[in-house]
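Novice: Below you'll find the structure I mean.
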Amino acid sequence: MVFVTSHPSSTGTILRVKGLLEFKCQLDSTDAMLMHKVISRTFEILRSQVKSESCVLTVCDSPVIIWPNKGVYVTPEAITPNTLCEDIHQWIQADEQESFGKKSGKKKNKKSLAVSVINLHLMIEVTKPGPLSAPILSRTVQKSHFLSTTLPMDCVVSTSCSDTIKDACEILVEALIQQLCEMEKVTLQHLKGTTLLIPEPLHFLLPEPKGLVTVIYPAGVPDSQLETQRKDLHQQFELPDDRPYFRRANAYHFPNEPYKDGYLRNPHLVLAHPTMDNGKLYLVHGIYSYHHYMQDRMDDNGWGCAYRSLQTICSWFQQQGYVERPVPTHKDIQQALVDVGDKQASFVGSRQWIGSIEVQAVLNQLLGVTSKIMFVSQGSELASKGRELANHFVTEGTPVMIGGGVLAHTILGVAWSETSGEIRYLILDPHYTGGEDLQVITDKGWCGWKGPDFWDQTAYYNLCLPQRPKVI
């Protein structure tokens, strides 16, 4: 069974405890029942450590240290067990990271994060109280198998504004013990001979009101072999079977955890929404990466905008768990078009522009994703496409590539009034050539809301609307 712990996703303070616990045991027999007993006894020892006075929680990037089982002893002295959890923030020294990748330059983020996270590190004191005894050595000759690994503990709990450090410690210790219990179940379930598959905790943010849940997967087992567990989870949480919620790529990325690949995520989240009478927002679902000119040490200035828009779309399918392959390079895209017979072999390595039809072909060839094409004979007609675009973002929620003339852009959403027909487009512009500076990108309109006059009123446009695969 895959273990799930539910957490509320309301605004407030999330406490996240991470740490490595050493797992060591000696198997003197290959009998399955005896091995299970030894492994279970080792997990029981780890649970007793978490419940002991040796258990220590340190608040990352701060001087705060907590002994949760020693009468909730806390240092510095200014902090007491009755101190509110949210007051710990004032002791944390590190700069907060943006949820979309990088700090936003000179100014503060335009939209504050809904959830604040306090990261704690789990440690076990080695030194025991009392007098030290001399070591005793003994030698035993026998055949045995020694198992040694580390368990990646990762517990998340939510606290309310009235919860104290003492309250939080009780919840955290219980959560750690419960996680060890479920790690034991997953370890025993996937034990192969004397080989242990390390239990891996992952957090997933489900649609409201379900919130944040934690699942234990066996590390090294691919998603393709965990479909049965995912189906059980979908049934447990009453989720549709046509969208992946529990693939590893869907794991929740915490607001203060930087991305390692350098790309900005979801820069549109910091933008103010346009105001219009009886208008509604229809936005891209989930997470995407912003791909634009000159990234990846690739000089595609002047010809690669459609490639970059396609890369943004591919990143969406990757980060929503639909595909596992990395975002394709320009060469990968060109080779795919050669493979489907759309281009000659000489196209690979060229600087030739591509359009919406080619984007559709590549998505199908590389990702197995189908797309609809919307044809617009002149830009002035785009103002009347509000209903179709709104319906796309409600039902599919994927980024849309639009090409016309020699320009390509990515549409991330629309603000549309059904009564007046007024419309604004949320545009992600791949023609940007600068660094990953969120402030510049949003202030200068490289990601921003545009009116109908943004489009060439006389040029024709093709829009590629990718469709979600029906998978679990």
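Heads up: the sequence shown at position 207 corresponds to 206 in numbering that gives the first Met the number 0, and the numbers run straight through without jumps.
We put the CB at the ideal spot given by N, CA and C, even for glycine.
Am I right that V326 and S308 are in contact with their C-beta atoms under 8 Å? What's the rounded C-beta distance?
Specialist: Not quite, the Cβ-Cβ distance comes to about 12 Å (not below 8 Å), so this is no contact.
Novice: CB-CB under 8 Å to E226, same chain, minus the five flanking residues each way: which ones, in chain order?
Specialist: Answer for E226: I471, listed in chain order.
Novice: In chain order, what residues of the same chain lie with their CB nearer than 6 Å to the CB of K209, ignoring the 5 residues before and after it?
Specialist: F236
Novice: Between the Cα of V368 and those of G420, L381, L270, I312, spot the shortest distance and give me the residue it belongs to.
Specialist: I312
Novice: In three-state DSSP terms, what is V37?
Specialist: V37: helix per DSSP, three-state reduction.
Novice: The ligand SAM and K449: does any heavy atom of the ligand fall closer than 8 Å to the residue's C-beta?
Specialist: This structure lacks the ligand SAM; in fact it carries no ligand of any kind.
Novice: Counting C-beta neighbours from all protein chains within 10 Å, is the total for D241 16 or more, i.e. buried, or is it exposed?
Specialist: With fewer than 16 other Cβ atoms within 10 Å, it is exposed.
Novice: For N277 and Y287, I'd like the C-alpha separation in whole angstroms.
Specialist: Each residue's CA atom was taken as its position, placing N277 and Y287 some 28 Å apart.
Novice: To the nearest angstrom, how far is the alpha carbon of N461 from that of I440?
Specialist: 25 Å
Novice: Straight-line CA distance for A382 to Y289?
Specialist: Rounded to the nearest whole angstrom, the CA to CA distance from A382 to Y289 is 25 Å.
Novice: Helix, strand or coil for K209, going by three-state DSSP, please let me know.
Specialist: coil
Novice: Considering only the alpha carbon of each residue, which of D331, V347, P206, K191 lies closest to G285?
Specialist: P206
Novice: Return the CA-CA distance between I426 and Q466, expressed in angstroms with no decimal places.
Specialist: 19 Å
Novice: Determine the burial state of C446: buried for a count of at least 16 other Cβ atoms within 10 Å of its Cβ, exposed for fewer.
Specialist: Counting the other Cβ atoms within 10 Å of the Cβ of C446 gives 16 or more, which makes it buried.
Novice: Which parts of the region 387 to 452 are runs of the beta strand (DSSP E), unbroken and 3 residues or longer, counting only runs that do not cross its ends?
Specialist: 399 to 403, 406 to 416, 422 to 427, 446 to 449
Novice: Over what stretch of residues does the alpha helix (DSSP H) that includes L232 continue unbroken?
Specialist: 226 to 235
Novice: What first and last residue would you give for the alpha helix (DSSP H) that runs through W454?
Specialist: Neither: W454 is in no alpha helix (DSSP H) and is coded neither H nor E.
Novice: Report the CB separation of L179 from V361 in whole angstroms; it is logged as a contact under 8 Å.
Specialist: Actually they do not touch by this definition, with Cβ atoms about 46 Å apart.
Novice: What do you reckon, are the CB atoms on P198 and T186 nearer than 9 Å?
Specialist: A contact, by the Cβ cut-off of 9 Å.
Novice: Look at the alpha carbon of R386 and the alpha carbon of K449, and state the distance between them as a whole number of angstroms.
Specialist: Roughly 17 Å separates the two Cα atoms.
Novice: Determine the extent of the beta strand (DSSP E) in which F145 is found, giving its start and end residues.
Specialist: 144 to 158
Novice: May I ask you to verify whether the region 125 to 139 touches the region 26 to 46, counting CB pairs closer than 8 Å and requiring at least 3?
Specialist: Result no; under three Cβ-Cβ pairs closer than 8 Å.
Novice: Assuming P62 contacts P75 under a Cβ cut-off of 8 Å, what Cβ separation, rounded to an integer in Å, is found between them?
Specialist: Taking C-beta atoms under 8 Å as the contact rule, P62 and P75 qualify, at a distance of about 6 Å.
Novice: Quick one: Cα of L195 to Cα of S39, how far?
Specialist: If you take the alpha carbons of L195 and S39, they lie about 13 Å apart.
Novice: For T82, which residues from the same chain have a beta carbon less than 8 Å from its beta carbon, with the 5 sequence-adjacent residues on both sides left out?
Specialist: These residues qualify, in order along the chain: V73, T163, I164.
Novice: With H, G and I counted as helix, E and B as strand and the rest as coil, what does DSSP make of K371?
Specialist: In the displayed model, K371 falls within a strand according to three-state DSSP.
Novice: Hey, quick one: how far does the beta strand (DSSP E) through C54 stretch, first residue to last?
Specialist: Its beta strand (DSSP E) spans residues 54 to 58.
Novice: Quick one, which of D27, S223, S376 has its alpha-carbon nearest P140's?
Specialist: It should be pointed out that residue 140 corresponds to Val in this sequence rather than to Pro. Considering only alpha carbons, the answer is D27.
Novice: Rounded C-beta distance between Y526 and Y431? I'm assuming under 8 Å.
Specialist: With the chain covering only 0 through 471, there is no way to say anything about residue 526.
Novice: Given a cut-off of 9 Å on the beta-carbon distance, is the pair L411 and P398 in contact?
Specialist: yes
Novice: With DSSP as the reference, please indicate the residues paired to L136 in a beta bridge.
Specialist: Answer by DSSP bridge pairing: none, since L136 is not bridged.
Novice: Would C54 pass as a contact of I117 if the rule is Cβ separation under 9 Å?
Specialist: no
Novice: Please confirm whether M400 and V358 have their CB atoms less than 9 Å apart.
Specialist: yes
Novice: In the DSSP assignment, find the unbroken alpha helix (DSSP H) run with T311 in it and report its ends.
Specialist: Unbroken alpha helix (DSSP H) run through T311: 304 to 318.
Novice: If you check the beta carbons only, do P266 and L437 fall under 9 Å apart?
Specialist: Inclusion of P266 and L437 in the CB contact set at 9 Å is warranted, their separation being smaller than that value.
Novice: How would you write the range of the alpha helix (DSSP H) that T186 sits in, first residue to last?
Specialist: 164 to 188
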